[in-house]
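Peer 1: Residue numbers (our numbering): 15 to 291.
Glycine residues also receive a C-beta, built at the ideal position from the N, C-alpha and C atoms.
Just so it is clear, the structure is predicted and the values come from calculations on it, not from any experiment.
1) So does the region 282–291 actually touch the region 226–244, counting three or more Cβ pairs closer than 8 Å?
2) Rounded to whole angstroms, what's the CA-CA distance from residue 37 to residue 244? Just pull it up for me.
3) DSSP on residue 155, reduced to helix/strand/coil?
4) Between the region 125–136 and the region 237–252, do at least 3 Cβ pairs fall closer than 8 Å?
5) Measuring alpha carbon to alpha carbon, tell me which residue in 125, 139, 140 is nearest residue 154.
6) In its own chain, which residues sit with a C-beta less than 7 Å from the C-beta of residue 29, not counting the 5 before and 5 after it?
7) For a test of the three-state rule: what should DSSP assign to residue 117, helix, strand or coil?
8) I'd like the span of the alpha helix (DSSP H) that includes residue 274, first residue to last.
9) Would you decide whether residue 208 is buried or exposed? Buried here means 16 or more other CB atoms lie within 10 Å of its CB.
10) So the candidates are 95, 238, 202; which of them puts its Cα closest to the Cα of residue 48?
11) Quick one: Cα of residue 24 to Cα of residue 252, how far?
12) So, at 6 Å on beta carbons, what are the nonlocal neighbours of residue 231 in its own chain, with the 5 sequence-adjacent residues on each side left out?
13) Tell me the DSSP bridge mates of residue 54?
14) Going by the beta-carbon positions, is the gap between residue 161 and residue 273 smaller than 8 Å?
15) According to DSSP, is residue 129 helix, strand or coil?
16) What do you get for residue 238, buried or exposed, if any count of 16 or more other CB atoms within 10 angstroms of its CB means buried?
17) Report buried or exposed for residue 32, applying the criterion of at least 16 other Cβ atoms within 10 angstroms of its Cβ.
18) Alpha carbon to alpha carbon, how far is residue 116 from residue 42?
19) Taking the beta carbon of residue 167 as the centre, do at least 16 other beta carbons fall within 10 Å, making it buried, or is it exposed?
20) Between residue 174 and residue 283, how many whole angstroms is the CB-CB distance? I'm expecting something under 8 Å.
21) Between the alpha carbons of residue 159 and residue 250, how many angstroms are there, rounded?
22) Excluding five sequence neighbours on each side, which residues of the same chain lie with their C-beta closer than 6 Å to the C-beta of residue 45?
23) Which value, in whole angstroms, describes the spacing of the CA atoms of residue 39 and residue 216?
24) What ranges does the alpha helix (DSSP H) occupy inside the region 155–234, keeping only unbroken runs of at least 4 residues that lie completely in it?
25) What is the rounded straight-line gap between the Cα of residue 199 and the Cα of residue 163?
26) Would the beta-carbon of residue 242 fall within 8 Å of that of residue 212?
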């Protein structure tokens, strides 16, 4: 394990789904500070919505009146611009005390493709986990997840509602010490939190991981080890029972498409580390 500065430089945040939630913004920007990365909010106007607005039969349901009206392209453009401006201002307010000025970009096109296109190996893509199927908005969020999770990039999956911002930093280890353990230790030390190792590795690798964490400044008394029966989502959730963690760190290779259920079930962000190329 190394104590050198993180390889990450920016955190790309999907503001289309997080810009209106102050608690989520505060939580993710707090993580950006701990990760020592620059927050970069991206507001993407879904091109499919504008294409739909151009169809003569397109309608939208107006709440709370419950009345239907034509989906007008001009009105939609104005509303999107207003939402983008609200998201930009919310990002500025949330990042005011961060010490790292947040950048903002407004784009139009396919959300997943644009997020993937913007991200380099030195970036972390942050997005909100989709909820249970409930309509077009949730379907769009699931498509966004599928595209982003199909990229070779580190992903920070945020829960629909962040439940904890204090507690241990939990890390899943399944072999020799790797980037996910290095980053988890750095975060735990910086935040002054305990480190919880969820080990699906052998005894030797687990012992070496503990030793590496201690060598990087983690006090032995603040390291907790829980053995996993496997590295499946079910086993990870079982291992986290009663943990009260603030963040879960795991390798992308072990994460698969389980990020959204894990984040939603635990109510905390899940950071899936992509292996160095």
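Peer 2: Let me spell this out:
1) By the Cβ test, the region 282–291 is not in contact with the region 226–244, since fewer than three Cβ pairs between them sit closer than 8 Å.
2) Residue 37 and residue 244: Cα-Cα distance of roughly 33 Å.
3) Residue 155 sits in a helix when the DSSP states are folded into three classes.
4) The region 237–252 and the region 125–136 do not touch, with fewer than three beta-carbon pairs separated by less than 8 Å.
5) Measuring from the Cα of residue 154, the nearest candidate turns out to be 125.
6) Once the five neighbours on either side are set aside, the close Cβ partners of residue 29 are 55, 56, 57, 101, 105.
7) Of the three classes helix, strand and coil, the one that applies to residue 117 here is strand, per DSSP.
8) Element bounds for residue 274: 273–280.
9) The C-beta of residue 208 has 16 or more other C-beta atoms within 10 Å across all chains shown, which makes the residue buried.
10) When each option's Cα is compared against that of residue 48, the closest is 202.
11) As the crow flies, the alpha-carbon of residue 24 is around 32 Å from that of residue 252.
12) These residues qualify, in order along the chain: 203.
13) Beta-bridge pairing links residue 54 to 26, 117.
14) Not closer than 8 Å, so no.
15) Residue state, collapsed to three classes: helix.
16) Looking at its Cβ environment, which holds fewer than 16 other Cβ atoms inside 10 Å, residue 238 is exposed.
17) Buried, because 16 or more other Cβ atoms sit within 10 Å of the Cβ of residue 32.
18) Going by the C-alpha atoms only, they are around 12 Å apart.
19) Of the other Cβ atoms in all chains shown, 16 or more fall within 10 Å of the Cβ of residue 167; this residue is therefore buried.
20) In fact, because the Cβ distance is near 12 Å, the residues do not count as touching under 8 Å.
21) Going by the C-alpha atoms only, they are around 21 Å apart.
22) No residues qualify anywhere along the chain.
23) Across the structure, residue 39 and residue 216 are spaced so that their CA atoms are roughly 38 Å apart.
24) The qualifying runs are 193–205, 217–229.
25) Looking at the two C-alpha atoms, the distance is approximately 24 Å.
26) Taking the C-beta atoms as reference points, residue 212 is found nearer than 8 Å to residue 242.
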